[in-house]
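Have a look at the structure below before the remarks.
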Amino acid sequence: MIERVYNFGINNELSGILTTAEPEHQKRHAPSLLFLNAGFLHKTGFNRFNTDLARQLSVYGYSSLRFDLHGLGDSASCPPSIDYEKQAVIDIQQAIDEVTEKCGTQKCIIIGLCSGADFAHATAMIDSRISGLVLMDGFAYRTLGYYIRDYGPGIINPYRSIRFVVNRIRKRFFSAPSEKNARRSNEVYFRSFPPKKQVIKQLQELIDREVKLFFIYSGGIPLYYNYADQFFDMFRSVKFKGMVFHRYFKEADHTYTIVSVRQKLKSAVSEWINYTFP
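Position 95 of the sequence shown, counted from 1, bears residue number 141 in my numbering, the numbering being contiguous throughout.
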């Protein structure tokens, strides 16, 4: 394994680390990999996921670039004149330029969590060099199955509903300010998604272009996703054509804090890449 730090993009404002396999182990026809930031986290990734997986995959012959978008980590601040989401897509395309040139590849796989998944999806819609996406805790839409699992226990056991209402009233009107502040800091994060019909149309476009898709969801987003087959219920009208894989790690939080669970995630992604892009 060889690792080098590069500045690239317009005015060399983006910072990344290129991880390449030893020459004798490099896969000649495999795509290169691109790791994105998750939220405001540095390019090392959530709990060093990007760094660890990049090094693990280099053993199997895959080369990769993990980098910081504008405004994050070691890259320059985001230009004020451009919308951040548009700038992120521009940054990703410049990173694709860099990793494909440095690695001598034609195609690229993008790996992203949360906002990273959103940006990866947006870039794939306009860049034909992307042959695969690993999207973790990406777009999610509540289904009938979601609501049954979310509200069902309370309906079956009304005492749970009563306790829930009583606790909400107590916390709302009688808890101390310090308790309220602590509770806010521990609230499950909230995010919004594009209209479901739009995403369905875009997914079908990607599949028709033969972009391989690996969707991964954790147990850390219960506001949107709470059972294994919800993915297929959300997108039942999409013709997958054997291009889509899916995993659900119910035991995981959003950033896979538990080491053993994070190892399962790394193994799942590594196995999918090896199987899909041998």
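Yeah, the Cβ is synthetic: ideal placement off N, Cα and C, and Gly gets one too. All of these numbers come straight from a predicted model, not from anything done at the bench.
7 Å Cβ cutoff met for K258 and L99: no
Beta carbon of D129 nearer than 7 Å to that of D120: no
K285 classed as buried or exposed, judged by whether at least 16 other C-beta atoms fall within 10 angstroms: exposed
Backbone secondary structure at I304 - three-state DSSP: coil
Cβ neighbour criterion (16 or more within 10 Å) applied to F260: buried
Cβ-Cβ distance between L60 and R50 below 7 Å: no
Contact set for C124: own chain, Cβ-Cβ below 7 Å, skip 5 residues either direction: H116, G117, Y130 and Q133
Residues near A314 in its chain [Cβ-Cβ closer than 6 Å; skip 5 each side]: R293
Beta-carbon gap between L103 and G158 smaller than 7 Å: no
Per-residue DSSP class, three states only, for M289: coil
Reduced DSSP secondary structure (H/G/I, E/B, other) of V245: helix
Integer-rounded CB distance, given that Y302 should sit under 8 Å from R195: Not a contact, Cβ separation roughly 22 Å.
Stretch pair the region 238-249 + the region 140-156: three plus CB contacts closer than 8 Å: no
Collapsed DSSP secondary structure at T90 in the structure displayed: coil
T66 vs S109 beta-carbon contact at 7 Å: yes
Length of the line joining the Cα atoms of P324 and S316: 11 Å
Top-ranked residue by Cα proximity to S306, from D173, N93, S174 and S127: N93
Straight-line Cα distance separating S174 from M47: 28 Å
Beta carbon of F239 nearer than 7 Å to that of S264: no
Same chain only: Cβ atoms within 8 Å of S283, ignoring 5 sequence neighbours per side: I246
Cutoff 7 Å; reference I142; Cβ partners in own chain excluding five residues on either side: L80, C154, D173 and R175
Element boundaries [beta strand (DSSP E), containing K258]: K258 to S264
Minimum length 4: unbroken alpha helix (DSSP H) runs contained in the region 92-171: 95-105, 130-149 and 161-170
Secondary structure of M280, DSSP reduced to three states: helix
N-terminal and C-terminal residue of the beta strand (DSSP E) that K49 is part of: It is Glu, not Lys, that sits at residue 49 in the sequence shown. Start and end: I48 to F54.
Per-residue DSSP class, three states only, for I267: coil
Between the CA atoms of P69 and W318 - distance to the nearest angstrom: 23 Å
Within 7 Å, strictly: CB atoms of S161 and G62: no
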